[in-house]
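Novice: Numbered according to my numbering, the sequence shown terminates at residue 342, and the numbering increases by one at each position without gaps.
Cβ coordinates follow ideal geometry from the N, Cα and C atoms, glycine included.
Since we're looking at a predicted model, the values are computed, not measured.
Sharing a structure with you now.
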Amino acid sequence: MLKIDRGIRCGEYFTVDPTVKSNLAIVSHAHSDHLKAHREIVATAPTVELASLNYKRFEPHILNFYEKFEIGPAEIELAPAGHMLGSAQVILDLSGERIVYTGDFKFNENRTCARAEIHPCDTLLIDTTYGMPHYKFPKAEECGEMLVEFVFKNLKSGITPVILAYSFGKAQEAMEILSREDIETDVYKKIYSASKIYTKFGIDLGRFHLLEDRPVSGRAVILPPGAFRFVDSRGWGRYRTCFLSGWVVDRNRAFKNSDGFGIPLSDHASFDDIVRYVETAKPRKVYTLFGPSRIAEYLKRIGFKAEALDLKTGRSTINHSTGNLELFS
Ligand SMILES: [Zn+2]
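Now the structure itself:
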């Protein structure tokens, strides 16, 4: 009934986070790697609004957190994931079997969305993007202090602080942190549109403005990392970049987009938080999705039945022979 095949597929009824265009998709959150041009979408209200920035022609079904919804043989519930505004874990009840898909999640404080909790279950499909023990992140508060210090230090020296952060989620976390210090921001157009939606849902991001040809003096600039090379910064005067990402823990990987400074503000769980989820939820079987497959080996060592899977193919990422693995019959 449920299998991994270009998403978590429940027969012909629906697919959770399909990786291809689908008829009926349960969408965990609005990041582009979890969202395609589906015909119908079941998601939280903010996810539906954010999705409409990229896709216009889908039929939305809005689901509040912890509201139950039946499709075919499954009862579906969404629960906060702490990853970005609207982000949800998906809880499925299939004939008494409780299956939790965490989607992208984190426990570290994120004031721009609802806090994630651990949901005990029979089967757990968990985001293990940072599934290696060296992925330890400072508390959100510490990252916030580093960010504010970076901005103030540069502004004081007449240098424009340029923060590189993904358009949906990370940019707004940065803006929320800076707003507490009354720092105004000039933001890239996609960040601006998403931020308007955050504001509509009651998240205070302070005073932010659409970035014009050049930043206004005294403001911090926020750009998506991939957009920086398309921006004509010749008239900007002096500026310094800071990359906001959990990947800055891996220095070589992180710094190709910035001039050498990064803050490990992650929007995914650390290794320890992933393990804590599994140990607390006590599933009979764990499937790890995204990130290094070796975390499945680790979970086996500490007593869980675990397997690393590719969400697209359903193949085990440790042993590529399994193919469209049937999870339940
Ligand atoms: Zn995401």
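Just mark Gly157 as buried or exposed, buried being the case when its beta carbon has 16 or more other beta carbons within 10 Å.
Specialist: By the 10 Å Cβ count, Gly157 comes out buried.
Novice: The alpha helix (DSSP H) with Ile196 in it runs from where to where?
Specialist: It is not in any alpha helix (DSSP H) - Ile196 carries neither H nor E in the DSSP assignment.
Novice: Measuring alpha carbon to alpha carbon, tell me which of Glu194, Pro86, Arg242 and Ser192 ends up nearest Glu110.
Specialist: Pro86
Novice: Return the CA-CA distance between Asp285 and Gly250, expressed in angstroms with no decimal places.
Specialist: 42 Å
Novice: Could you give the first and the last residue of the continuous alpha helix (DSSP H) run that contains Ala240?
Specialist: Run containing Ala240: none; DSSP gives neither H nor E here.
Novice: Quick one: residues in its chain with C-beta nearer than 7 Å to the C-beta of Cys134, no 5 flanking neighbours on either side, listed in chain order?
Specialist: Arg111, Ile112, Val113, Ala294 and Pro296
Novice: State the Cα-Cα distance for the pair Ala64 and Gly327, rounded to the nearest angstrom.
Specialist: Approximately 25 Å between the Cα atoms of the pair.
Novice: Considering only C-alpha positions, which residue in the set Ala58, Thr57 and Asp30 is nearest to Lys49?
Specialist: Here the closest residue by C-alpha is Asp30.
Novice: Cβ atoms of Asp46 and Asp280: under 8 Å apart, would you say?
Specialist: no
Novice: In three-state terms, what does DSSP make of Leu63?
Specialist: helix
Novice: Between the Cα of Phe27 and the Cα atoms of Ala319, Glu88 and Thr60, which residue gives the shortest distance?
Specialist: Glu88
Novice: Would you say the beta carbon of Asp117 is closer than 7 Å to some non-hydrogen atom of ligand 1?
Specialist: True, at least one ligand heavy atom lies under 7 Å from that Cβ.
Novice: Any heavy atom of ligand 1 closer than 7 Å to the CB of His147?
Specialist: no
Novice: With respect to 7 Å, is the separation between the Cβ of His132 and the closest non-hydrogen atom of ligand 1 below this value?
Specialist: no
Novice: So, with DSSP's three-state summary, where would you put Arg19?
Specialist: coil
Novice: Would you please state the rounded distance, in angstroms, between the beta carbons of Ala153 and Glu122? I believe it to be under 8 Å.
Specialist: 4 Å
Novice: Locate the alpha helix (DSSP H) running through Ile104, then write down its first and last residues.
Specialist: No alpha helix (DSSP H) holds Ile104; the beta strand (DSSP E) holding it covers Ala101 to Leu107.
Novice: Between which residues of its own chain and Thr115 is the CB-CB distance below 6 Å, once the five residues before and five after are set aside?
Specialist: Excluding positions up to five away in sequence, the list reads Gln102, Ile139 and Asp140.
Novice: At a cut-off of 7 Å, is His47 close to ligand 1 when judged by its beta-carbon and the heavy atoms of the ligand?
Specialist: yes
Novice: How many Å lie between Leu105 and Phe274 at the Cα?
Specialist: Per the coordinates, the alpha-carbon of Leu105 lies some 42 Å from the alpha-carbon of Phe274.
Novice: Among Phe181, Asp195, Tyr179 and Thr57, which residue has its Cα nearest to the Cα of Val161?
Specialist: Asp195
Novice: So if DSSP puts Leu257 in a beta bridge, which residue, or which two residues, is it bridged to?
Specialist: Ile276
Novice: Using only CA atoms, which one of Met145, Arg253 and Ala233 lies nearest to Glu197?
Specialist: Ala233
Novice: Just curious, the alpha helix (DSSP H) that Phe284 is in, first and last residue?
Specialist: Phe284 to Ala294
Novice: If you run the structure through DSSP and keep just helix, strand and coil, what is Phe221?
Specialist: Residue state, collapsed to three classes: strand.
Novice: Can you tell me which of the three DSSP states His47 falls into?
Specialist: helix
Novice: Give the secondary structure of Leu302 by DSSP, where H, G and I count as helix, E and B as strand, and everything else as coil.
Specialist: DSSP places Leu302 in strand when its eight states are reduced to three.
Novice: Does the segment 220-236 touch the segment 165-176, meaning 3 or more C-beta pairs lie closer than 8 Å?
Specialist: yes
Novice: Where Met14 and Ile21 are concerned, what is the direct C-alpha to C-alpha distance, given to the nearest angstrom?
Specialist: 10 Å
Novice: Looking at the structure shown, is Ala178 part of a helix, part of a strand, or coil, going by DSSP?
Specialist: coil
Novice: Can you find the residues in the same chain that come closer than 7 Å, C-beta to C-beta, to Phe150, ignoring five residues on each side of it along the sequence?
Specialist: Around Phe150: Asn121, Gly259, Pro277, Ser279 and Ser283.
Novice: On the DSSP bridge assignment, give the partners of Thr136 in chain order.
Specialist: Ile112 and Lys298
Novice: Apart from the five residues just before and just after Glu339, which ones in its own chain have a Cβ nearer than 8 Å to its Cβ?
Specialist: Because the pLDDT at Glu339 is just 47, under 50, the model does not fix this residue reliably, and the point stays unresolved.
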